[in-house]
Structure formats: structure tokens, C-alpha cells
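Below is one structure, written out as C-alpha cells; the observations come after it.
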Amino acid sequence: MPLQIVHHPDYDAGFAVNHRFPMSKYPLLMEALRARGLVEPDALNTAEPAPAAWLKLAHAADYVDQVINCSVPEKIEREIGFPVGPRVSLRAQLATGGTVLAARLAMRHGIACNTAGGSHHARRAQGAGFCTFNDVAVAALVLLANGAAQNILVVDLDVHQGDGTADILADDPRVFTFSMHGDRNYPVRKIASDLDVALPDGTGDAAYIEGLAAILPELSSQKRWDIIFYNAGVDVHAEDRLGRLSLSDDGLRARDETVISHFRRLGIPVCGVIGGGYSTDVPTLAARHAILFEVAAGYA
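Numbering (the UniProt record's numbering), first residue to last: 1 to 300.
Structure below.
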């Protein structure tokens, strides 16, 4: 079976090519997936904007309204890292709706991936760190609200700690948040996940995979998880300009294989989101993000 992929052309909000957030990686990722033969018409799904009612499960109602109406205060826009105009607002709603759709497809097919998502710095009260809405937190709460899931695990392997996800889901015992990230990286003030593993600068393939492989059995033994949300940020790569860790392309592939194979062997659905990745060489960055889809396709 082909891998179920969720995408929308408006994941690209049209930032300038020199912006710190490499917005053009989204269409370039789709080009990379097509070049690899991973895009099948009957398994390509179009995201729809998340309705306000979903967004307000995870975020303060006034903040959701501000984003939808493009009236976010300048102070919060500075914390997000860009103005929230119509294209950014639509993109945030689409990426969140895309993760909800990918989660539903994962529960039906076993695995699915969104070509966006992983906006884990958006907290309940506001966005931050290039993240407007927290798509994984919203999707988890939507599944819980409609009874599609009772126990959810978030595996966040972006190089930055998943502070926003931890903030939103801290008081919900139905969701367990795990973040393995660079210790000396953004955010300066971490918000404790249910389990945090902080790695020293320069951590490479062998130490990373060894540590991850030791943790996964502990996570899977805690509960019978109904779904895994996997944030496969590629900013752990040695050449990422914001990362400070030292994984190679082979290390990224081994990481994704370690996570996906572990949970799929147990019959647990996996919803993949792409998370962070920062490079001025955006085609190469898109190729790194494509690794998640290459690995996931082996389990479709």
C-alpha cells in the first residue's frame, strides 16, 4: 500500500528567500517526494483548515480569534518570529488541519505523514518560535474529544524542546509527552514534558540512536497507546544552522527507522510530522525531510 500523505500548496506562506524560516521547503519537499516515487494520487490527501472549535481545545480562545482575524499583537508576533497576516493565518490553520487528518489516516491505515506540522513551541496562550498553532496538541485533543483515542504518546525528536506541547498537555493524563532535544538550545526556559532527555552539543549518530533505542521500550511498556505522534525534526543534523547536534543523513534514517519500526511492530499507529529544519540550502533541507517519508513508506 502507498504511504498516506497529507499536503496543501498553501503550507508555503510565501516568505522571502532570505527569511530565517525556510518556507520554501514545503513545495520542495513535495518535489522530493514525487521524485522518489512516494506520491500516489489515491494516497495524497489535501489538508483543510482546522476550525476554530478544534484550535480552542488547545489554545486560548482570544489568541485563536486573533490569529484567524490577523490581529495578533506585535509583541506576540515578535515571539512567533513573523507577522501573522492572511497567508500565515491560513497556513497555520491548514497545517493543523493536516495533522488531524494525518492522525485519522494513521489510525485507519497504520501510518500517515503530514508534509508540515510539528509546531511544538506554540503554547496555550500564544505562539512562539516560528510556531503559530500547536498542531500535534490540537490533533491529540481532537482525537480524545471525539473518542477516537484514549491514550496518546507524543515522541518529539526535534532538536528543540517541545515546550508548547508540554504546556498545553501538562494536566491531561491521557497524553504522555516525550522530548529528546539539545540541552543548550531554544527555548532557554524549558517547560517540563512528562519525560525530557537533554543531549550535549555535538551528540552524533551512535550515541543518539543508542539512547533513543533504550528509551522506546520504557515508553511502550507504560500503556497501550492508541496512536503515536512523531515529530521528526531534522534540525538534529550536523549541518543544520540552528541545531548544535551532529547527526548525519544516515543517522536521521536510523532514527526514523528506530521509532517507526518499534511502534509499528507493536501494531500502534504512527502519525509523522516534519518538525524543524533550518538551512540556506533549502533543496538539501527538503531532502532531509523526505527521509521520514521514505522510512514510513516501508511500513505502509
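Just so you know, even glycine gets a beta-carbon here, dropped at the ideal spot from N, CA and C.
None of the values given here were measured: they were computed from a predicted structure.
L157 and A232 closer than 9 Å at C-beta: Taking the sequence shown and counting its residues from 1, the one referred to as residue 157 is at position 157. Taking the sequence shown and counting its residues from 1, the one referred to as residue 232 is at position 232. Taking 9 Å as the Cβ cut-off, L157 and A232 qualify as a contacting pair.
Own chain residues within Cβ distance below 8 Å of F82, not counting five before or after: If you number the sequence shown from 1, residue 82 lands on position 82. The residues are F15, H19, F21, V88 and F130.
Candidates I227, A102, T132 and Q150, of which the one nearest L3 by Cα: In the sequence shown, residue 3 corresponds to position 3, counting from 1. Out of I227, A102, T132 and Q150, A102 has the C-alpha closest to the C-alpha of L3.
Three-state class that DSSP yields for Q4 in the structure shown: The residue given as residue 4 occupies position 4 in the sequence shown. Three-state DSSP puts Q4 in a strand.
Residue from A286, P283, V282 and R255 whose Cα sits closest to the Cα of A296: As a first step, residue 296 is located in the sequence shown; it is residue number 296 there, counting from the start. Considering only alpha carbons, the answer is R255.
Member of A60, T203, V188 and G202 whose CA lies at the smallest distance from the CA of A137: Mapped onto the sequence shown, residue 137 falls at position 137. Residue A60 is the option with its Cα nearest to A137.
Burial state of V67 (16 or more Cβ within 10 Å): Residue numbering aside, residue 67 sits at position 67 when the sequence shown is read from its first letter. Buried, because 16 or more other Cβ atoms sit within 10 Å of the Cβ of V67.
Assigned exposure category for K223 - 16 Cβ within 10 Å defines buried: Walking along the sequence shown from the start, residue 223 turns up at place 223. With fewer than 16 Cβ atoms within 10 Å of its Cβ, K223 is classed as exposed.
Burial state of N134, where buried means 16 or more other Cβ atoms lie within 10 Å: Here residue 134 refers to the residue found at position 134 when the sequence shown is read from its first residue. Answer is buried; the Cβ neighbour count reaches 16.
Same chain, Cβ closer than 8 Å to T46, five either side skipped, listed in chain order: The residue you call residue 46 lines up with position 46 of the sequence shown. Closer than 8 Å at Cβ, skipping near neighbours: V6, H7 and H8.
Inter-residue Cα distance where the pair is I260 and C113: For this step, residue 260 is matched to residue 260 along the sequence shown. For this step, residue 113 is matched to residue 113 along the sequence shown. Taking the straight line from one Cα to the other gives about 12 Å.
Length-filtered (4 minimum) alpha helix (DSSP H) runs lying within the stretch 109-174: 135-145 and 163-169
Contacting residues, own chain, Cβ-Cβ under 6 Å from G110 (five flanking each side not counted): Numbered from 1 along the sequence shown, position 110 holds the residue referred to as residue 110. Cβ neighbours of G110 beyond the five flanking positions: P269.
Residue burial classification, Q150 (beta-carbon count within 10 angstroms, cutoff 16): Position 150 of the sequence shown, counted from the start, is the residue given in the question as residue 150. Burial call: exposed.
Burial state of G275 (16 or more Cβ within 10 Å): Here residue 275 refers to the residue found at position 275 of the sequence shown. Counting Cβ neighbours within 10 Å, G275 comes out buried, since at least 16 surround it.
Burial state of L266, where buried means 16 or more other Cβ atoms lie within 10 Å: Within the sequence shown, numbered from 1, the residue matching residue 266 stands at position 266. Flag for L266 reads exposed.
Local Cβ density within 10 Å of A287, reported as buried at 16 or more and exposed below that: Against the sequence shown, residue 287 aligns to sequence position 287. Label assigned to A287: buried.
L33, DSSP secondary structure in three states: As a first step, residue 33 is located in the sequence shown; it is residue number 33 there, counting from the start. L33: helix per DSSP, three-state reduction.
8 Å contact criterion, which G182 and L245 should meet: CB distance rounded: By one-based count along the sequence shown, residue 182 stands at place 182. By one-based count along the sequence shown, residue 245 stands at place 245. Going by Cβ atoms, the distance from G182 to L245 rounds to 6 Å, so yes, they are a contact pair.
Short Cβ contact (9 Å threshold) for D240 with Y208: Numbered from 1 along the sequence shown, position 240 holds the residue referred to as residue 240. Numbered from 1 along the sequence shown, position 208 holds the residue referred to as residue 208. Result no, Cβ atoms of D240 and Y208 do not sit closer than 9 Å.
Beta-carbon spacing of S119, T96 below 9 Å: Within the sequence shown, residue 119 is the residue found at index 119, counting from 1. Within the sequence shown, residue 96 is the residue found at index 96, counting from 1. Result yes, Cβ atoms of S119 and T96 sit closer than 9 Å.
Continuous alpha helix (DSSP H) stretch holding L55: start and end: Looking up residue 55 in the sequence shown gives position 55. Here the alpha helix (DSSP H) through L55 covers A52 to A58.
Where A116 falls, given that 16 or more other Cβ within 10 Å makes a residue buried: Taking the first residue of the sequence shown as 1, we reach residue 116 at position 116. So A116 ends up on the buried side.
Collapsed DSSP secondary structure at M107 in the structure displayed: Taking the sequence shown and counting its residues from 1, the one referred to as residue 107 is at position 107. M107: helix per DSSP, three-state reduction.
Contact check, F176 vs I152, beta carbons under 9 Å: As a first step, residue 176 must be located in the sequence shown, where it is residue number 176. As a first step, residue 152 must be located in the sequence shown, where it is residue number 152. Yes, they are a contact pair.
Contact under 9 Å by Cβ, V234 with L285: For this step, residue 234 is matched to residue 234 along the sequence shown. For this step, residue 285 is matched to residue 285 along the sequence shown. Cβ distance < 9 Å, so V234 and L285 count as in contact.
Residue range of the beta strand (DSSP E) that includes D65: Your numbering for residue 65 matches position 65 in the sequence shown. Element bounds for D65: not the beta strand (DSSP E) but the alpha helix (DSSP H), A61 to I68.
Enclosing beta strand (DSSP E) for I76 [first to last residue]: Within the sequence shown, residue 76 is the residue found at index 76, counting from 1. Here I76 belongs to no beta strand (DSSP E); instead the alpha helix (DSSP H) covers E74 to I80.
Endpoints, the alpha helix (DSSP H) within which A287 is located: Locating residue 287 in the sequence shown gives position 287, counting from the first residue. It spans V282 to A297 - the alpha helix (DSSP H) in which A287 sits, taken as one unbroken run.
Cut-off 6 Å between Cβ atoms - residues of its own chain near L105, not counting five sequence neighbours on either side: Here the question's residue 105 lines up with position 105 in the sequence shown. Result list for L105: Q4 and A112, in chain order.
Bridge-paired residues (DSSP) for I209: Residue mapping note: residue 209 aligns to position 209 of the sequence shown, counting from 1. DSSP, once it has assigned bridges, lists no residue as partnering I209.
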